[in-house]
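Beneath this line is the structure, given in structure tokens, with notes to follow.
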Amino acid sequence: MKSYTKYDPLVEYVLRSADNTLILGHRLSELCGHGPVLEQDIAITNISLDLLGQSRMYLQYAAQQIGNNETEDTLAFLRDGMQFRNCQLTEQPNGDFAHTIIRSFIFDSYHFYFCQSLKSSTDSSLAEIAAKSLKEVTYHRKFSSEWTIRLGDGTAESNERMQKALENLWPYSGELTEEDAVDAKMAAEGIGVDLKDISGSINDYRNNILERAGLKVPEKVFMHSGGKKGLHTEHHGYILAEMQFMQRAYPGLNW
Amino acid sequence: MSESSMLKRFEDKIQREIKIEPRDWMPDEYRKTLVRQISQHAHSEIVGMLPEGNWVTRAPSMRRKVALIAKVQDEAGHGLYLYSAAETLGTSRKEMIDDLHSGKAKYSSIFNYPTLSWADIGAIGWLVDGAAIINQVMLCRTSYGPYARAMVRICKEESFHQRQGYEIMLTLARGSEEQKAMAQDALNRWWWPSLMMFGPPDHESKHSAQSMAWKIKRKSNDELRQSFVDATVPQAKLIDLVIPDPDLKWNEDRGHYDFGEIDWEEFWNVVKGNGPCNKQRLEARNKAHDEGKWVREAAAAFAEKQATRRKDVQQKIAS
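Line order of the protein sequences matches chains A and B. Numbered per the numbering used here, the first sequence finishes at 257, counting up by one with no gaps. Numbered per the numbering used here, the second sequence finishes at 1692, counting up by one with no gaps.
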């Protein structure tokens, strides 16, 4: 077991994106073969692949920064929950298709502006990862926004399911743009994204789509947070139990 | 033109290796055989996503995880082209999928076997995709145009999957004792079901003769099976895995490997629904379909609303 639970600010920062994309990519991959329509099965698997591809770039960069023979695989498969830095939204279960779509919509609307801003990072590795990701994330945002509108404005049942998913997941939307000391330091150095700066665009975008979908933004919601510091919901442990099974059962082998 | 002269023209095209296209006249039986075969093939791709999808969330490295997801996604894509190819014969995707879900339509029995360890993912790529390719290379020259063209594309991806599966086996076979044992165990379990993939022996295959005459198939089940054994035995030797067949040996006179008797009772049992996972596979497909019902209904309702809104706007512009 790794003894560290705190990393350098840069590593901390990179792991946040690495873990957001890893955990959401993993969640979406659970749906592979189980989508509501074949075309949507393919689309969701595609998004999962994009996110995992992005995660690999971040993980490799974090591993390189940490040194110590760390690799993308040791980071993904040998850290415990308290060392994971993903926001709690990304670990929420797939639920029905409404929950899957709303979770992606909340994340993608943040992720788009995040990558757009990170593209101008003074850290050339991060800038490069963000530029590559942005093309994919633009498509993800389009996909989840279109489905939010389609299901919000579909039938009475679909509207009700979407509103319920929104109520359930909205409390996890705040953490994505909640700035802590690491975010502030990275933004001040020109390495990271100024979350205060992109919050307005994210809110405008979400409000516009939700209005078109006929969905009401939940009001006076208590926002949960903690993922960025390694504090997760109960779901997280089960993701790791499954995802890390092989590396835990057969340590130190090549696959 | 009379039916007999149309039939003559059809048979003449088959003889001269001219592809039959969707708008051409064709005998009802030819159409039926193709719909059955292509839809079965499409269903196999879709159901085949389940045993491999079973290891997506437990893949042992980031590289393997991404490669496995991409592979399963390719299978979904193959399912799509094949459903489209079958639709050119006048049967809708919905009808075909309903037949799958009700248990009326069949899919390849190999997918009724469970994936119990990571090595099964290697074994499926190596053996199951390997067997599929032998069949599909032949189908690239099948007489029905849309099916042949779908096959050309599918074959390219399948041969990539086969190499990827073999490479997983190679890595395991060169790994620790546990990994070697895992690879051997997977080969033991997947070998015989893979041989069964080519279908019953020629003297018992009820559809074969007509399909050969129409050049839907160009090689018999037993011929294809022999090609698979001949291609696979040296691959197993190369990575020091033992094929679980004591009767397997090279026959100098025939220029082929002789192999042991296949347990056809097991084969028919799995076809009839008694395989280890028949029930689970159909349940998983039905569950995804049933849970997606409200999504499909909402998408249809939304599309209709959009169409009405467009019409309203057009009317307003016109007035």
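All C-beta atoms, glycine included, are put in the ideal place defined by N, C-alpha and C. Computed from a predicted structure; not experimentally measured.
Practice prompt. State the beta-bridge partners of B/V1622 as determined by DSSP.
Written response: Here residue 1622 of chain B is Lys; the residue named in the question, Val, does not match the sequence. Residue pairing by DSSP places B/K1622 opposite B/D1631 in a beta bridge.
Item to complete: Label A/K4 either buried or exposed according to how many other C-beta atoms from any shown protein chain fall within 10 Å of its C-beta, with 16 as the threshold for buried.
Response: With a pLDDT of only 46 at A/K4, under the threshold of 50, the placement of this residue in the model should not be trusted; the figure read from the coordinates follows. Classification of A/K4: exposed, given that the 10 Å Cβ count is below 16.
Worksheet item: Between the Cα of B/M1542 and the Cα atoms of B/K1579, B/N1508, B/G1498, B/P1566, which residue gives the shortest distance?
Response: The shortest C-alpha separation from B/M1542 is found at B/G1498.
Item to complete: Could you say which of B/A1672, B/S1692, B/C1528 lies nearest to B/H1451 if we only look at CA atoms?
Response: Each of B/A1672, B/S1692, B/C1528 was checked against the Cα of B/H1451, and the nearest Cα belongs to B/C1528.
Worksheet item: Taking the Cβ atom as the reference point for each residue, do B/P1424 and B/F1484 lie within a distance shorter than 8 Å?
Response: Judged by beta-carbon spacing, B/F1484 lies within the 8 Å limit of B/P1424, meaning their Cβ atoms are closer than that value.
Discussion item. Here's a check: name, in chain order, each residue in its chain whose Cβ is nearer than 7 Å to the Cβ of B/I1612, leaving out the five neighbours to either side.
Written reply: Only residues of its own chain outside the window of five on either side were considered, and among them M1542, L1543, A1546 have a CB closer than 7 Å to the CB of B/I1612, listed in chain order.
Item to complete: Quick one: residues in its chain with C-beta nearer than 6 Å to the C-beta of A/C34, no 5 flanking neighbours on either side, listed in chain order?
Response: Closer than 6 Å at the Cβ level, and outside the excluded window around A/C34, lie T47.
Fill in: Environment of A/F224 [buried if 16+ CB atoms lie within 10 Å]
Burial call: exposed.
Worksheet item: Just checking, does the stretch 80-99 of chain A make contact with the stretch 233-243 of chain A on the three C-beta pairs under 8 Å criterion?
Response: A contact exists between the stretch 80-99 of chain A and the stretch 233-243 of chain A.
Practice prompt. Sort A/Q249, A/L197, A/E93 by Cα distance to A/D185 and report the nearest one.
Written response: The shortest C-alpha to C-alpha distance from A/D185 to any of A/Q249, A/L197, A/E93 is the one to A/L197.
Worksheet item: Of the residues B/Q1608, B/S1375, B/F1601, which one's Cα is nearest the Cα of B/M1511?
Response: Per the Cα distances, B/F1601.
Worksheet item: Looking at B/G1476 and the ligand HEM, is the gap between the Cβ and the nearest heavy atom below 7 Å?
Response: Among the components modelled here there is no ligand, and therefore nothing to report on the ligand HEM.
Worksheet item: Alpha carbon to alpha carbon, how far is A/Y63 from A/S126?
Response: Taking the straight line joining both Cα atoms gives about 11 Å.
Worksheet item: How close, in whole Å, do the beta carbons of B/H1416 and B/N1659 come, if the pair is a contact with beta carbons under 8 Å?
Response: Not really, about 13 Å apart at Cβ, beyond 8 Å.
Item to complete: Answer yes or no: do B/E1460 and B/E1418 have a C-beta to C-beta separation smaller than 8 Å?
Response: Taking the C-beta atoms as reference points, B/E1418 is found no nearer than 8 Å to B/E1460.
Worksheet item: To which residues of the same chain is A/H113 closer than 6 Å at the C-beta, ignoring the five residues directly before and after it?
Response: Cβ neighbours of A/H113 beyond the five flanking positions: V139.
Worksheet item: Where do the N-terminal and C-terminal ends of the alpha helix (DSSP H) with B/M1334 fall, by residue?
Response: Beyond the ends of chain B as shown, which are 1374 and 1692, falls residue 1334 of chain B; an answer cannot be given.
Discussion item. Considering only DSSP beta bridges, list what B/I1393 is partnered with.
Written reply: Per DSSP, B/Y1517.
Discussion item. If we require 4 or more residues per run, which alpha helix (DSSP H) segments fall completely within the stretch 22-64 of chain A?
Written reply: Within the stretch 22-64 of chain A, no complete alpha helix (DSSP H) run reaches 4 residues.
Worksheet item: When the Cα atoms are used, what is the spatial distance from B/A1672 to A/R152?
Response: Rounded to the nearest whole angstrom, the CA to CA distance from B/A1672 to A/R152 is 6 Å.
Worksheet item: Would you say B/R1536 faces chain E, with C-beta separation under 8 Å as the test?
Response: The structure shown contains no chain E; its protein chains are A and B.
Worksheet item: Got a sec: is the Cβ-Cβ distance from B/M1469 to anything in chain A below 8 Å?
Response: Using a Cβ-Cβ cut-off of 8 Å, B/M1469 does not count as an interface residue toward chain A, since no Cβ of chain A sits closer than that to its own.
Practice prompt. Can you tell me which of the three DSSP states B/S1593 falls into?
Written response: Taken through DSSP and simplified to helix, strand or coil, B/S1593 comes out as coil.
Worksheet item: If you measure beta-carbon to beta-carbon, which residues of the stretch 237-257 of chain A are closer than 7 Å to chain B?
Response: Here the close residues are E244, M245, F247, M248, Q249, Y252, L255, N256, W257.
Worksheet entry | Residue-chain proximity (A/P38, chain B), Cβ-Cβ < 8 Å | So yes, A/P38 belongs to the interface.
Fill in: Positions along the stretch 62-82 of chain A whose CB lies within less than 8 Å of some CB in chain B
If the cut-off is 8 Å between Cβ atoms, the stretch 62-82 of chain A has E74, D75, A78, F79 near chain B.
Item to complete: Give me the Cα-Cα distance between B/D1558 and B/Y1630, rounded to the nearest whole angstrom.
Response: Cα to Cα, B/D1558 sits roughly 22 Å from B/Y1630.
Worksheet item: Residues in the stretch 1477-1501 of chain B with C-beta within 9 Å of chain A's C-beta atoms, listed in sequence order?
Response: Going along the stretch 1477-1501 of chain B in chain order, one finds W1491 with a Cβ nearer than 9 Å to chain A.
Worksheet item: Which term fits A/N297, buried or exposed, when burial requires 16 or more other beta carbons within 10 angstroms of its beta carbon?
Response: Outside the shown range of chain A (3 to 257) lies residue 297 of chain A, about which nothing can therefore be said.
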